[in-house]
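One structure is given here, and the rest of the page talks about it.
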Amino acid sequence: MELSGVKRWIGCGLLMGGCLLSPTSNYSRVEAKDHFLTIGGGYAPSSNQISLERNVIFYRSLLDRLYQSEVSHDVLFSDGNDPGRDLQFRSVAPLPREYELLGQLFDAGTGQKNFYRDNELSDVRGRSSLDEFRNWIKETGATLTPEDRLVIYVTAHGGKSKTKGRAGNTCIYLWNKERLDVAEFSRSLKELPAEVPVAIVMVQCYSGGFTNLLFERGESSAGLAERDLAVFCATIESRPAAGCTADINEENYHEYSSSFWAAIGGQTRTGESVSSSDFDQNGRVSLAEAHAYAVATLPSIDLPICTSDIFLRQYSSQTDGAEEGVSLLTDSAPRSELEAFATPAQKFALDSLATQLQIEDESLKAKATELKQRLDEELKEIERELGRSRSQVSASRTLIQQTVLARWPELNQSWHPRIASIVEQDRDAILNLIETHSEFAQWQQRIQAVEELDARKLQKKKEQARCERLLYLLESLALAANLPVVAPEEIQQRYARLKSLEGMSLGAGTSHSHQMTTVTARKVPPAETAPAPVDSSSE
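Position in the sequence shown (from 1) plus 21 gives the number in the working numbering.
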């Protein structure tokens with residue numbers, strides 16, 4: 022493809038991977054405006070958890086603090102301005118004892134404590150729907166100028182691809198279970214002015230598929246798209262993400278964008294200060310730095326990725342493409358060699374993850390792989406224990422059910438018209454029959470055992486995710502180091518542009534005055550940047 026030579030960038034400077042923006046680049050100062058589009062909420066009231074609403078509120082407060090004037094921010098959320106009860110939240114009040122036990126007995130799950138209200142977001146443009154999204158693109162997006170920037174934030178649910186042979190064509194679930202997939206998103210972005218750079222932050226399950234917006238039609242086989250675009254995702258295309266909850270306590274919200282926006286704004290959603298994420302100490306926190314902060318500190322099962330990660334896996338290599346006599350760096354190399362190619366933000370993530378995993382020596386990949394394998398085995402054993410424990414819970418429950426149904430058979434039918442009167446009139450008798458049953462104490466103990474095993478399983482999966490993040494980062498560092506050796510000049514140039522876009526920051530001081538830059542990438546001699554890959558076979 023032909024690469025455009027004139028683009029506008031924020032925060033141009035030294036880029037890792039052997040590419041540098043030329044210090045002789047021509048630029049002119051232009052006035053610009055940042056525009057924000059948020060797509061949020063669930064696809065139905067039962068999936069529209071309060072955490073999704075609170076994410077939007079937290080994000081709005083962040084933008085208000087970052088920008089001195091009114092922010093151009095449109096929100097598409099669940100059912101929009103419909104007064105219906107579209108939002109789910111969990112009551113903190115204990116359930117009446119009879120309903121708690123009957124719920125356990127007849128497997129009602131956690132839904133008993135879920136209640137519903139209308140969302141409390143003001144100034145919502147409309148519902149999250151394909152029509153509203155397409156209308157925004159035509160009515161607002163298409164009117165952006167080349168000097169503007171667009172930031173899209175998605176805090177919703179996501180689904181796997183339904184397109185045969187395209188696992189990366191994942192989707193955002195909109196209201197009424199409409200699907201906005203990568204292919205449709207890619208087509209819509211083409212309606213924006215080609216010069217407008219776009220940054221996207223996504224937290225939905227399987228969100229990593231949207232890093233494929235880097236390519237034409239959202240397909241890696243189609244080559245790079247002409248639009249300059251940076252995508253930051255909570256997890257890879259094949260995995261669910263953490264975060265959606267009906268819990269009203271925001272201290273329990275451990276999802277990607279909570280960490281991402283906290284790094285940008287310097288404080289958490291509960292108002293606590295965040296240690297500086299300005300890892301390169303240039304006076305601002307970039308999107309790439311916020312992403313690295315989330316990778317390093319997020320206490321969840323997520324495996325965050327961004328477009329530069331996907332770019333490197335498409336166009337760089339650890340095994341092929343080097344000239345004869347040149348060895349490529351691998352992710353198995355000693356820590357000190359890999360760190361030489363890390364940005365300050367990546368080094369922070371690497372150091373933090375290694376510390377959390379208690380890996381102190383140079384063999385990061387070997388130790389992280391060994392730890393992950395051990396965690397895999399421990400998780401398998403927990404799963405086996407869970408299977409046994411759940412079978413025991415079911416056995417005890419069945420015995421108590423039989424006794425209860427022998428007296429009140431109507432309770433076996435959720436919509437039987439007599440249930441309400443039975444629970445009201447025979448409350449004490451129901452409680453007595455259940456709580457004095459010979460299986461009751463053991464049943465409760467077994468329920469508690471399952472809950473404890475579930476908690477252990479979650480903790481192990483979080484540790485496992487830290488291993489995977491570290492291994493993923495090591496691979497990215499090796500691929501970035503090798504890109505100048507294996508990729509043609511135009512690919513290196515495009516990577517430099519992508520890294521520059523990922524390095525953009527938000528706020529009044531950065532958005533209203535940025536640069537129109539002619540980017541020329543070049544291979545950098547060893548004296549000007551990090552050392553080139555070495556031939557370790559001679560050691």
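Note that CB positions come from ideal geometry on N, CA and C, so glycine has one too.
- Rounded to whole angstroms, the gap between the alpha carbons of G162 and S99 is 21 Å.
- Going by DSSP, H458 is part of no alpha helix (DSSP H) at all; its letter is neither H nor E.
- Here the alpha carbon of E456 sits roughly 21 Å from the alpha carbon of T131.
- Counting of Cβ neighbours within 10 angstroms places R490 among the buried residues, the total reaching 16 or more.
- For G180, the enclosing beta strand (DSSP E) begins and ends at R170 to G180.
- When the beta-carbon positions are compared, T256 and G229 come within less than 8 Å of each other.
- Of I421, V506, G528 and D323, the smallest CA-CA separation from L479 is found for D323.
- Of the candidates A114, V175 and E381, V175 places its Cα closest to the Cα of D95.
- Comparing alpha-carbon positions, the option among L400, K134, K388 and H56 lying closest to A476 turns out to be L400.
- Secondary structure at H275: coil, using DSSP grouped into helix, strand and coil.
- Taking a C-beta distance under 8 Å as the contact criterion, G524 and A361 do not qualify as a contact pair.
- For the set R356, A215, Y516 and A188, the Cα lying nearest the Cα of A387 is the one of R356.
- Apart from sequence neighbours up to five positions away, the residues of its chain that approach Y80 with a beta-carbon distance below 7 Å are T59, Y174 and W282, ordered along the chain.
- A check of alpha carbon separations from K483 across L378, S278 and A427 identifies L378 as the nearest.
- The continuous stretches of beta strand (DSSP E) do not include T419, which lies in the alpha helix (DSSP H) extending over residues L385 to R428.
- Taking L498 as the centre and dropping the five residues before and after it, the same chain places the C-beta of L359, F362 and A363 closer than 6 Å to its C-beta, in chain order.
- Judged by their CB atoms, S259 and A188 are nearer to each other than the 8 Å cut-off.
- Counting of Cβ neighbours within 10 angstroms places H312 among the buried residues, the total reaching 16 or more.
- At the C-beta level, A177 and L319 stay beyond 8 Å of one another.
- Excluding its 5 nearest sequence neighbours in each direction, T184 has C-beta neighbours in its own chain below 7 Å: N190, listed in chain order.
- For F57, the enclosing beta strand (DSSP E) has its first and last residue at D55 to G62.
- Counting other Cβ atoms within 10 Å of its Cβ, W436 stays below 16 and is therefore classed as exposed.
- Partner residues in the beta bridge of Y137, as assigned by DSSP, are Q109.
- In this structure, Q70 is the residue among Q70, A501 and G63 with its C-alpha nearest to the C-alpha of I269.
- The way I'd put it, the region 323-332 does touch the region 492-506; three or more beta-carbon pairs between them come closer than 8 Å.
- Taking 8 Å as the cut-off, the Cβ atoms of L201 and F136 do not count as close.
- H437 carries a coil assignment under DSSP once its states are collapsed to helix, strand and coil.
- In this structure the region 387-398 does not touch the region 460-473; the number of beta carbon pairs closer than 8 Å is below three.
- Just measuring C-alpha positions, the residue of Q485, E212, L126 and Y336 sitting nearest A501 is Y336.
- Per the C-alpha coordinates, the member of C488, S298, L234 and D103 positioned closest to A251 is L234.
- Classified as buried, K520 has 16 or more neighbouring CB atoms from the shown chains inside 10 Å of its CB.
- Check the Cα spacing between F332 and each of L420, H56 and T232: the tightest is with T232.
- When secondary structure is reduced to three states using DSSP, L195 falls in the coil class, being assigned neither helix nor strand.
- Following the DSSP letters along the chain, one finds I221 in no alpha helix (DSSP H) but inside the beta strand (DSSP E) bounded by residues V219 to M223.
- Secondary structure note for A370: its alpha helix (DSSP H) is the uninterrupted segment P365 to Q377.
- If you draw a straight line from the Cα of V217 to the Cα of R411, it comes to about 54 Å.
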